[in-house]
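In the numbering used here, the protein residues as written are 1 to 137. Structure first, commentary second.
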Amino acid sequence: MELKHRRLEKGWSQEQLADITGLSARTVQRLEKGEKPSLETLKALAAGFKISSSELQKDFNAIKQPDNMTIAESKFMTREWRSFFIHLITFMVVMTWAYILSAQFELDNEWVGIVMLSWGGLLVVHAIKNIGSAEPE
């Protein structure tokens with residue numbers, strides 16, 4: 001159970017938890033955002049919640065932060081956006097291949113333009129759908 005859930009379960013505000021544990025409200029905010037607590041902080045929180053510090057330590061160990069990516073980058077590269085970029089790369093490869101074949105065999109380039117506009121429109125719809133589904137937290 002996360003620190004925030006434990007706090008809300010008791011019906012405490014961040015300031016109340018800070019007063020009970022002897023920590024600053026800013027420290028409580030940082031901990032709820034995923035910062036790792038020091039041993040002293042962990043002991044103070046455990047005493048405030050009346051649980052063992054090892055149980056509380058398990059809660060903090062369960063919280064995983066993205067290693068090399070910022071939170072904004074990790075939200076940006078969701079499955080939907082990866083799908084969009086694969087769609088875009090496929091579009092670029094296929095359309096380049098179609099244009100080269102059309103030029104090589106001296107075919108009418110009109111069909112390439114029609115396919116490019118149609119598929120490009122679908123790409124725009126895909127991008128708009130991804131932008132529209134992004135929910136701020």
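Ideal Cβ positions, reconstructed from N, Cα and C, are used throughout, including at glycine.
Query, Result
"To which residues of the same chain is residue 3 closer than 6 Å at the C-beta, ignoring the five residues directly before and after it?", "31, 32"
"Does the beta-carbon distance from residue 26 to residue 59 come in below 9 Å?", "no"
"Just how far apart, CA to CA, sit residue 142 and residue 132?", "Residue 142 lies beyond the range of the chain shown here (1 to 137); nothing can be said about it."
"To the nearest angstrom, how far is the alpha carbon of residue 137 from that of residue 34?", "Since pLDDT at residue 137 reaches only 45, below the 50 mark, its modelled position is unreliable, and the value read off the structure follows with that caveat. Residue 137 and residue 34: Cα-Cα distance of roughly 15 Å."
"Straight-line CA distance for residue 24 to residue 45?", "12 Å"
"So, with DSSP's three-state summary, where would you put residue 81?", "helix"
"My guess is that residue 126 and residue 85 are in contact by the Cβ rule of under 8 Å, so how many angstroms apart are they, rounded?", "Going by Cβ atoms, the distance from residue 126 to residue 85 rounds to 10 Å, so no, they are not a contact pair."
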